[in-house]
Structures are given as C-alpha cells and as structure tokens.
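Read the structure below first, then the notes.
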Amino acid sequence: MNSMLYAKKRMSFLSKLLVVLMIFSICMPSMPVHAGENDVTAYGFEIDNSYNGKWTTGNLRKTYAEGEWVAFQTEISNINWSLTDPNGLNRIGVEFDFYDIGRYFDLVRNVSVGLELLPDSHGFPATGMSLTEPSPGGAMPLGNEADVNAAQRDPNNPYEHYFEGFALINKTIDITDHMNIAMDGTKGTATDATRKFCVTLEQIKQAYWDEYGIDIEGENKIVLYFQLHLSRTWLWNNVSSFNGELPLVHAYTSHPTDKWGG
1 MNSMLYAKKR MSFLSKLLVV LMIFSICMPS MPVHAGENDV TAYGFEIDNS YNGKWTTGNL
61 RKTYAEGEWV AFQTEISNIN WSLTDPNGLN RIGVEFDFYD IGRYFDLVRN VSVGLELLPD
121 SHGFPATGMS LTEPSPGGAM PLGNEADVNA AQRDPNNPYE HYFEGFALIN KTIDITDHMN
181 IAMDGTKGTA TDATRKFCVT LEQIKQAYWD EYGIDIEGEN KIVLYFQLHL SRTWLWNNVS
241 SFNGELPLVH AYTSHPTDKW GG
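Numbered per the numbering used here, the sequence shown finishes at 262, counting up by one with no gaps.
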C-alpha cells in the first residue's frame with residue numbers, strides 16, 4: 001500500500017470542508033421540517049497539533065488525511081416523538097460532501113445513539129469486551145501521533161465499535177440501504193456532489209431497547225454519533241484488471257465496508 005497516503009499531510013481543503021459539513025439536514029428532501037435549527041447542535045472531533053482532541057462546532061484543523069475516519073456527534077433536542085403529528089420527528093438525515101473537484105467522504109460507520117453528549121475524552125470508541133458480536137467499549141487513547149493514527153485508522157473489524165451508553169443501530173437493524181446514498185434516495189453516481197445517510201426514530205428507539213432494555217421515547221434529546229471516511233484518491237482513480245476493469249474502490253462492496261455504504 002502506498003505509504004504516502006498515510007502521511008499527515010496539511011490538506012488545506014479539509015478545514016473548510018468540515019465546516020461545511022456541520023450543516024445538517026434533519027429532514028429528507030420533499031419532507032416537512034421536523035426540527036428547527038435551534039434544536040440541533042452538530043460537533044466534529046478536532047485534534048490539534050499536540051495530538052489532543054476535543055469536540056467543537058468550528059474548525060477541525062488539519063490532522064486528518066486520506067483513508068482516515070473523522071468523528072462527529074449531533075445533539076437533537078425538543079423532540080416530538082409522535083408518529084402521527086405532522087410536526088413529529090420521524091427520521092434524521094445527515095448530508096455530507098461526496099465529490100466536487102476531488103473526493104471527500106465515501107463511507108459512513110459507527111452510527112449510534114445515546115442520551116448525553118460525549119466528553120472530549122471520547123472521540124473514537126474502542127473495541128468492546130465481546131468476542132462474538134459488537135459490544136460497547138471505552139475510548140481509544142490519544143495524546144501522541146501513534147495513538148491518534150491508530151484511532152483515525154481503526155479498521156473496526158470484525159465488529160464496529162461504539163461507546164458505552166450508546167446503541168449501535170446496525171447491530172440489530174439493517175440500515176445498509178440508507179447509508180451513503182444519493183439525495184434522491186437512489187444509490188447515486190460517482191460524481192454526486194453530496195450524499196446522505198438516514199435513520200428513523202423507530203430504528204433509534206429499537207436499537208436502544210435492544211442494547212439496554214430501555215424505552216427512550218419521551219426523552220427530550222438524543223445524540224447521534226457517527227464517523228465519515230476521507231476518500232483514498234488512488235482507489236477511485238485506478239482500475240484493476242483482476243476485477244473486470246472496475247475501479248479499485250469496488251473493493252468497498254466487500255465486508256466490512258459493504259455495510260458502510262461501499
């Protein structure tokens with residue numbers, strides 16, 4: 001593998017890109033607005049040049065590079081849980097940059113729900129204790145270059161990671177068809193400007209019940225955690241004669257990235 005892809009490049013576009021990404025779509029296109037701007041606060045995980053991390057609503061700096069995962073959490077408050085009220089929140093969608101003059105984000109994972117915002121010490125979840133299925137865990141350590149690299153490049157294989165107190169939605173619910181899709185709900189094309197993923201309120205409730213046996217309907221707020229993958233340009237720009245001249249990125253259709261929108 002090309003080692004240059006794992007160098008800590010100072011990518012000038014990234015800080016601007018991640019600020020743009022902080023604009024979240026809480027409803028799907030052609031749907032009524034279900035949560036006002038004041039009800040949603042979006043955070044990205046910033047890692048500074050001293051390799052310390054914190055949640056911020058602003059610039060995420062330039063310590064992320066191609067092939068690495070960027071962590072986000074979004075707090076949604078004043079939730080109307082009614083499925084019959086036209087003003088109820090029945091699904092949550094997140095729109096992100098996919099393609100413009102270059103590749104941006106191309107995979108989504110770790111979509112999980114909790115009830116409280118994660119502290120600055122919790123940016124990237126560590127593996128859980130179970131050896132047979134996904135299970136909640138603590139936080140991966142940061143503070144030096146090696147640990148930050150390990151957190152940003154964690155393969156999450158064979159199981160996805162998620163934090164204690166959060167429920168991994170695709171642990172018991174198949175949301176593959178709603179990951180990394182075009183804004184019109186189709187699979188999209190390689191040149192879509194933006195993509196989205198979405199989960200329904202029923203899926204959120206069910207996932208939390210499956211994990212903890214707690215019914216969260218009626219809670220005033222929820223927190224959605226997820227990670228987005230910074231595209232590897234060489235995978236998109238090169239083909240392999242071993243797979244029918246398909247782009248190398250076609251490898252994302254295999255486990256585990258097939259569930260992440262590959």
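Think of the CB as a built atom: it goes at the ideal place given N, C-alpha and C, for glycine as much as any other residue.
Give the range of the beta strand (DSSP E) segment to which residue i is assigned.
i: leucine 224; result: 221-230
i: tyrosine 43; result: 40-47
i: alanine 71; result: 69-77
i: threonine 194; result: 194-200
Go ahead and pull the three-state DSSP assignment for residue i.
i: asparagine 170; result: helix
i: leucine 115; result: coil
i: leucine 107; result: strand
i: alanine 207; result: helix
i: valine 19; result: In this predicted model, valine 19 has a pLDDT of only 33, less than 50, meaning its place in the structure is not dependable enough to derive any value.
i: lysine 259; result: helix
i: aspartate 97; result: strand
i: threonine 189; result: coil
i: threonine 56; result: strand
Near residue i, what residues of its chain come up, given a Cβ to Cβ distance below 6 Å and the 5 sequence neighbours on each side ignored?
i: asparagine 78; result: Asp39
i: methionine 31; result: In this prediction, methionine 31 has a pLDDT of 28, which is less than 50 and means its spatial position is unreliable; what the coordinates show is noted afterwards. Answer for methionine 31: no residue qualifies.
i: methionine 140; result: Phe124, Ala126, Ala151
i: proline 134; result: Tyr159, Glu160, Leu168, Lys171
If you compare alpha carbons, which of the options is closest to residue i?
i: glycine 53; options: Tyr212, Ala190, Val148; result: Val148
i: glutamate 68; options: Gln227, Ile214, Lys259; result: Gln227
i: glycine 137; options: Val70, Phe163, Tyr104; result: Phe163
i: asparagine 110; options: Thr189, Ala146, Asn180; result: Asn180
i: aspartate 154; options: Pro119, Leu131, Gly165, Pro125; result: Pro125
i: arginine 232; options: Gly185, Ala65, Asp177, Gly44; result: Ala65
i: threonine 191; options: Cys198, Phe72, Ala182; result: Ala182
i: lysine 187; options: Asp85, Gln73, Phe98, Phe72; result: Phe98
i: threonine 56; options: Arg195, Leu117, Leu230, Cys198; result: Leu117
i: serine 112; options: Thr189, Tyr43, Gly213, Lys171; result: Lys171
i: histidine 178; options: Ser121, Trp260, Ser135; result: Trp260
i: glycine 44; options: Tyr212, Leu107, Pro119, Asp85; result: Pro119
i: histidine 122; options: Thr132, Val70, Asn80, His229; result: Val70
Can you find the residues in the same chain that come closer than 8 Å, C-beta to C-beta, to residue i, ignoring five residues on each side of it along the sequence?
i: arginine 61; result: Ser15, Glu46, Ile47, Asp48, Asn49
i: glutamine 263; result: The first residue shown for the chain is 1 and the last is 262, placing residue 263 beyond what the model contains.
i: tyrosine 51; result: Thr63, Leu142, Gly143, Asn144, Glu145, Asp147, Val148
i: isoleucine 76; result: Ile26, Ala35, Asp39, Val40, Leu89, Ile92, Lys221, Ile222, Val223, Leu224
i: leucine 115; result: Gly165, Ile216, Glu219, Lys221, Ile222, Val223
What's the call for residue i, buried or exposed, on a 16-neighbour Cβ count within 10 Å?
i: methionine 129; result: exposed
i: glycine 143; result: exposed
i: tyrosine 104; result: buried
i: isoleucine 92; result: buried
i: glutamate 95; result: buried
i: glutamate 211; result: buried
i: threonine 74; result: buried
i: aspartate 85; result: exposed
i: leucine 131; result: exposed
Along the alpha helix (DSSP H) that carries residue i, what are the first and last residues, could you check?
i: glutamate 145; result: 145-152
Only counting the same chain, and skipping five residues up and downstream in sequence, which positions put a Cβ closer than 7 Å to that of residue i?
i: asparagine 90; result: His34, Leu83, Thr200, Leu201
i: tryptophan 209; result: Asp215
i: alanine 193; result: Phe98, Tyr99, Asp100
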